[in-house]
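Visitor: Input: one structure, supplied below.
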Amino acid sequence: MSFAFELLKTDSTTSARLGRISTLHGIVNTPVFMPVGTQGTVKALRPEDLRHCGAQMILGNTYHLYLRPGHELIRTLGGLHTFMNWPGPVLTDSGGFQVYSLGALRKIMPDGVMFQSHIDGSRHFLTPQKAVGIQEALGSDIMMCLDECTPYPATEKQTADSLALTVKWARSCREAKTNPDQALFGIVQGGTYMDLRRQAVEQIVPIGFDGYALGGVSVGEPKKIMYAITEEISPLLPREKPRYLMGVGTPEDIIYAVSRGVDMFDCVIPTRSARHGLLFTNTQKIVIKNARWREDSNPIDETCDCYTCRNYSRAYLRHLYVAGEILAMILNTIHNIRHYMRLMENIRASIQENRFEEFAKGVLDSKANENNF
RNA sequence: GGAGGGGUUCCCGAGCGGCCAAAGGGAGCAGACUGUAAAUCUGCCGGCGGAGCCUACGGAGGUUCGAAUCCUCCCCCCUCCA
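As structure tokens, then:
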């Protein structure tokens, strides 16, 4: 068993935790933010860009890689790490999010999900067993259970039924797992119903996973609810296992969740926003296409050490974006990912130095000033 | 000199008596994006605080209850023939 989690430190005033995940492909310091690389690539970035930005672990996606190019092909070519030339740790999502996001193209059944491919319309039946099988073929370091990411809004009955399915599938996934070198995480669902969330914990944890995820948040519910779920449920998860808040989030969301004891995050926000021209800084969000940057010779963020900020002006980045140049997406993504990685580095350092609460407050205060821009 | 075609809102371009401040693109301006069907999507885009009014379809007249649309003259542009 090459997967392990070590809890190194817990913050004295909050529930923030400092930890270390060991995998066959390397060490991951937590709290960690994992850039999303759905189709075997973090869009617009080369692996070396990711490394230079400080990325430790990235995501891949079961559903997408199964459809194209096919998990057996990837297995034949040496697994996902080799295939995509990313030697570091990889976490694969199970396709559970696609159960949600491809709502119109799938049918949920007791034993799995009937998907209609968004690529060519062909039909595919994804079961918990298959989801694990695909992820074993991909060779990811952390596999996720197939779940149903319950949509918002959903009635209590719908949510309970959905949760029952997720729990049942979690057991199937656990049983289907054969490779001891790959970790498998369980996922806590339960929508916006706290009782169901607690039940989910009670039912998922005993199955015995290497880590636990909080899923089904950031699907359109009010932020308050997401925070409440995080606050309530995170402490109920086993202390000695990594906690993963799926699909989250904004820098503010991450800081909040870290303060409640969450260790792992992933989100498309930094990468997608970058491609769409929204750039993060400590004090403001920059919509790079805005006319106000037309003649601005400053970098996106004076305090940023990324390749983009060290070499290019806002005016140039605006030009590239407006002109529709590929380089705009590359440079923007490098910046946003580096921004997120620095955020996580700062979070880890502040926990280490027992000043996380102060750090969090500082960041949130400067974020609050965004409204002034 | 002769024959034909054309000048529409920032640009291209439809409209060819009322439903036209004028289709559709583009440009411009702004917004959204949370386990990626996303280099995507949305809104605004003549002026004046709105119902409304004003200014607008090369220019000037005219016909008509009503004109970007019909008529007259003028000014430009393009193609072909001499």
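In numbering that gives the first Met the number 0, the protein residues as written are 0 to 372. Note that the Cβ used here is the ideal one computed from N, Cα and C, for glycine as well.
Quick check: residue 4 and residue 241, are their CB atoms within less than 7 Å of each other?
Guide: Taking 7 Å as the Cβ cut-off, residue 4 and residue 241 qualify as a contacting pair.
Visitor: Using a 10 Å radius around the Cβ and a threshold of 16 neighbouring Cβ atoms, would you call residue 372 buried or exposed?
Guide: In this predicted model, residue 372 has a pLDDT of only 32, less than 50, meaning its place in the structure is not dependable; the value taken from the coordinates is given anyway. Its Cβ having fewer than 16 others within 10 Å, residue 372 is exposed.
Visitor: Would the beta-carbon of residue 27 fall within 7 Å of that of residue 56?
Guide: Yes; because the gap between Cβ atoms is below 7 Å, this pair is in contact.
Visitor: Can you give the beta carbon distance from residue 197 to residue 228, rounded, assuming they're within the 8 Å contact cut?
Guide: Contact doesn't hold; Cβ gap of about 10 Å is too wide.
Visitor: In the DSSP assignment, what are the bridge partners of residue 266?
Guide: 34.
Visitor: Using only the alpha-carbon positions, how far apart do residue 216 and residue 320 sit?
Guide: Using only the alpha carbons, I get a separation of about 31 Å.
Visitor: Helix, strand or coil: how does DSSP classify residue 100 here?
Guide: Residue state, collapsed to three classes: helix.
Visitor: Less than 7 Å between the beta carbons of residue 11 and residue 260, yes or no?
Guide: The answer is no: Cβ separation not under 7 Å.
Visitor: Check whether the stretch 247 to 255 and the stretch 175 to 183 are in contact - that is, three or more C-beta pairs closer than 8 Å.
Guide: Verdict: no, contact absent.
Visitor: Hey, out of 350, 54, 97 and 82, whose CA is closest to residue 61's CA?
Guide: When each option's Cα is compared against that of residue 61, the closest is 97.
Visitor: How do the stretch 331 to 347 and the stretch 43 to 53 stand: do at least 3 beta-carbon pairs fall below 8 Å, yes or no?
Guide: Enough Cβ pairs lie closer than 8 Å, so yes.
Visitor: For residue 279, I'd like the list of residues in its chain whose CB is within less than 6 Å of its CB, leaving aside the five on either flank, ordered along the chain.
Guide: Excluding residues within five positions, the ones whose Cβ falls inside 6 Å are 335 and 338.
Visitor: Do you know how far the Cα of residue 359 is from the Cα of residue 118?
Guide: Roughly 42 Å separates the two Cα atoms.
Visitor: Taking only three categories from DSSP, how would you classify residue 319?
Guide: Helix at residue 319.
Visitor: Are there any heavy atoms of the ligand HEM lying less than 6 Å away from the beta-carbon of residue 39, as far as the coordinates show?
Guide: Summarising the ligand content, the structure contains no ligands, and the ligand HEM is consequently not present.
Visitor: Can you tell me whether residue 290 is helix, strand or coil according to DSSP?
Guide: The answer is helix: DSSP assigns residue 290 an H, G or I state.
Visitor: Check this for me: beta carbons of residue 175 and residue 131, under 7 Å apart or not?
Guide: Contact: yes.
Visitor: On a CA-only basis, which of 75, 84 and 93 is nearest residue 169? Give me that one, please.
Guide: Of the listed residues, the one whose Cα sits closest to residue 169 is 93.
Visitor: What beta strand (DSSP E) runs, 3 residues minimum, are completely inside the stretch 150 to 213?
Guide: Qualifying beta strand (DSSP E) stretches, in chain order: 182 to 187 and 210 to 213.
Visitor: Determine the closest residue to residue 144 out of 285, 190 and 126, with distance taken between C-alpha atoms.
Guide: It is 126.
Visitor: Decide if residue 30 is buried, meaning its Cβ has at least 16 other Cβ atoms within 10 Å, or exposed.
Guide: Result: buried.
Visitor: Express the C-alpha separation of residue 105 and residue 25 in angstroms, rounding to a whole number.
Guide: In a straight line, the C-alpha of residue 25 is about 36 Å away from that of residue 105.
Visitor: Any chance the stretch 203 to 210 sits against the stretch 264 to 273, with 3 or more Cβ pairs inside 8 Å?
Guide: Segments in contact, no.
Visitor: Report the CB separation of residue 314 from residue 293 in whole angstroms; it is logged as a contact under 8 Å.
Guide: About 6 Å separates the two Cβ atoms, so the contact holds.
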